[in-house]
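Undergrad:
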Amino acid sequence: MTEEFIADALEKLALVGILIALALGVAAYSTWAERKVAAFLQDRIGPNRAGVFGLLQPLADGLKLFSKEEIIPKDANKFLFVLGPALAMIVACMTGAVIPWSTAFEWGDRLVVPQVADVNIGFLYILGVLSLGVYGIMIGAWASNNKYSLMGGLRAASQIISYELPMGIVLITILMMTGSLRLTDIVHYQQDHAWFVLLQPVGFIIFLVCSFAETNRTPFDLPEAENELVGGYHSEYSSMKMGFYLFAEYTNMFISSVVISTLYFGGYDIPFVDDATLVNTVGVNGLAILNFLSLFAKACFFIFFYMWVRWTIPRFRYDQLMNLGWKKLLPLALINMLITGLVILLLNK
0 MTEEFIADAL EKLALVGILI ALALGVAAYS TWAERKVAAF LQDRIGPNRA GVFGLLQPLA
60 DGLKLFSKEE IIPKDANKFL FVLGPALAMI VACMTGAVIP WSTAFEWGDR LVVPQVADVN
120 IGFLYILGVL SLGVYGIMIG AWASNNKYSL MGGLRAASQI ISYELPMGIV LITILMMTGS
180 LRLTDIVHYQ QDHAWFVLLQ PVGFIIFLVC SFAETNRTPF DLPEAENELV GGYHSEYSSM
240 KMGFYLFAEY TNMFISSVVI STLYFGGYDI PFVDDATLVN TVGVNGLAIL NFLSLFAKAC
300 FFIFFYMWVR WTIPRFRYDQ LMNLGWKKLL PLALINMLIT GLVILLLNK
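Each residue of the sequence shown is one higher than the one before, counting from 0 in numbering that gives the first Met the number 0.
1) If we define contact as Cβ-Cβ less than 8 Å, is residue 168 a contact residue for chain B?
2) What residue from 140, 165 and 200 has the CA that sits closest to residue 76's CA?
3) Is it buried or exposed for residue 5, if we count other Cβ within 10 angstroms and need 16 for buried?
4) For residue 186 and residue 307, what's the separation of their Cα atoms in angstroms?
5) Using the C-alpha atoms, what's the distance from residue 142 back to residue 297?
6) Would you report the Cα separation of residue 96 and residue 34, rounded to the nearest angstrom?
7) From this set, 39, 267, 221 and 136, which residue's C-alpha is nearest residue 293's C-alpha?
8) Between the stretch 242-261 and the stretch 74-90, do three or more beta carbon pairs fall short of 8 Å?
9) Since residue 26 contacts residue 253 with CB under 8 Å, what's their CB separation in whole angstroms?
10) Following the continuous beta strand (DSSP E) through residue 105, name the residue where it begins and the one where it ends.
11) Return the Cβ separation of residue 98 and residue 258 in integer angstroms, given the expectation that the two are a contact with Cβ distance under 8 Å.
12) Are residue 172 and residue 132 close, meaning C-beta to C-beta below 8 Å?
13) Given 8 Å as the limit, is there contact between the stretch 324-332 and the stretch 276-283, that is, 3 or more CB pairs closer than that?
14) Rounded to a whole number of angstroms, what is the C-alpha to C-alpha distance between residue 289 and residue 168?
15) Consult DSSP for residue 111 and reduce its assignment to one of helix, strand or coil.
16) I'd like to know if the stretch 114-123 and the stretch 202-211 are in contact, where contact means that at least 3 CB-CB pairs between them fall below 8 Å.
17) Could you give the residue range of the alpha helix (DSSP H) that holds residue 258?
18) Pick helix, strand or coil for residue 28, following the three-state DSSP scheme.
19) Could you tell me the distance, in whole angstroms, from the CA atom of residue 19 to the CA atom of residue 44?
See the structure below:
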């Protein structure tokens, strides 16, 4: 019993380490991809000096942030000033714990499921952790003792609260159809029936718009609107504390892309392929690798989509942001939930 417990604990620790390394690696190279996408859309070249095609640019940026001077404003709350970016980074990495990254693979005599925690309240956990992310922003904004930072933090709090409501309501429609909050069950349901982007197209659009607001991405990046708030909630930050906020944003963007892929695009499901047939050809471990690559490819598409939208659509005004959330998305999510319930009731008669 003790040996089994130790083996399970080591397995989970290894999965946590791999997940954090994956999230940080994707976040680092998302900064490179952001510049390349922006350059492509604006007919420029983008980073091309550090390494081939500028692939070493994220390492150069990290070295620059590490070597910059650490600055803490004189009247700032030093403990909270450091806690803010640390909390934002920790919460960003926690979200991926309940995501099923692929089917199980063999490791020696063990069958390992690449999922840190297969809890039966999977997407409630995701909503809960996402709502904690605003605390890192608010704490850092308030501790900075800067009115522009504080205004950015207040905007972030009201924005995330506003857009969590329609996001939670559209997730209820998935619960109504699958009868489960477990993300693994949601993936299996889509494998047996159809992807939820086809079954819940309105819910997908609402969830996608809300995910832009939850991650503070353009056109919903009002907490750091330079034309009104200088640099927003992280105006007073420098060095790696500033880097933590930037990494948290890109990590949230990656995890959000994975969540969208899991909930609406079948997760690790490979379209038009029968896993039972494929496993006979490539084996259990080969199937697990292909499933992971399928999920990762879907996530990369949405990361590109985030960047495409950022460099295409101008930023909203704050009143437009609030009107969209409360007067458009929330009623639409409620109507979508009622129609879904009516259809389920009629089909079950």
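Virtual Cβ for every residue (Gly too), placed ideally from N, Cα, C.
Quick caveat, the model's predicted, so the values are computed rather than measured.
TA: From the atom records:
1) Judged by its chain identifiers, the structure shown contains no chain B, having just a single protein chain.
2) By 1-based counting over the sequence shown, the position of residue 76 is 77. For residue 76, the nearest C-alpha among the options comes from 140.
3) Within the sequence shown, numbered from 1, the residue matching residue 5 stands at position 6. Residue 5 should be labelled exposed.
4) Indexing the sequence shown from 1 puts residue 186 at position 187. Indexing the sequence shown from 1 puts residue 307 at position 308. Going from the Cα of residue 186 to the Cα of residue 307 covers about 27 Å.
5) As a position in the sequence shown, residue 297 is number 298, starting the count at 1. As a position in the sequence shown, residue 142 is number 143, starting the count at 1. Straight-line measurement puts the Cα of residue 142 at about 38 Å from the Cα of residue 297.
6) Within the sequence shown, numbered from 1, the residue matching residue 96 stands at position 97. Within the sequence shown, numbered from 1, the residue matching residue 34 stands at position 35. One C-alpha to the other measures close to 29 Å.
7) To locate residue 293, count along the sequence shown from 1; it is residue 294. Of the listed residues, the one whose Cα sits closest to residue 293 is 267.
8) yes
9) Walking along the sequence shown from the start, residue 26 turns up at place 27. Walking along the sequence shown from the start, residue 253 turns up at place 254. Going by Cβ atoms, the distance from residue 26 to residue 253 rounds to 6 Å, so yes, they are a contact pair.
10) Looking up residue 105 in the sequence shown gives position 106. Where residue 105 is concerned, the enclosing beta strand (DSSP E) stretches over 104-106.
11) Walking along the sequence shown from the start, residue 98 turns up at place 99. Walking along the sequence shown from the start, residue 258 turns up at place 259. Residue 98 to residue 258, Cβ: 7 Å. Contact.
12) Within the sequence shown, numbered from 1, the residue matching residue 172 stands at position 173. Within the sequence shown, numbered from 1, the residue matching residue 132 stands at position 133. Remark: C-beta atoms of residue 172 and residue 132 do not approach each other more closely than 8 Å.
13) no
14) For the purposes of this step, residue 289 is taken as residue 290 along the sequence shown, with counting starting at 1. For the purposes of this step, residue 168 is taken as residue 169 along the sequence shown, with counting starting at 1. If I take the Cα positions, the gap works out to 32 Å.
15) For the purposes of this step, residue 111 is identified with residue 112 of the sequence shown, where counting begins at 1. It is a strand residue.
16) no
17) For the purposes of this step, residue 258 is taken as residue 259 along the sequence shown, with counting starting at 1. Annotation: the continuous alpha helix (DSSP H) that includes residue 258 extends over 238-263.
18) Taking the sequence shown and counting its residues from 1, the one referred to as residue 28 is at position 29. Residue 28 falls in the helix class under three-state DSSP.
19) What you label residue 19 is simply residue 20 of the sequence shown in a count that begins at 1. What you label residue 44 is simply residue 45 of the sequence shown in a count that begins at 1. Rounded to the nearest angstrom, the two C-alpha atoms are 31 Å apart.
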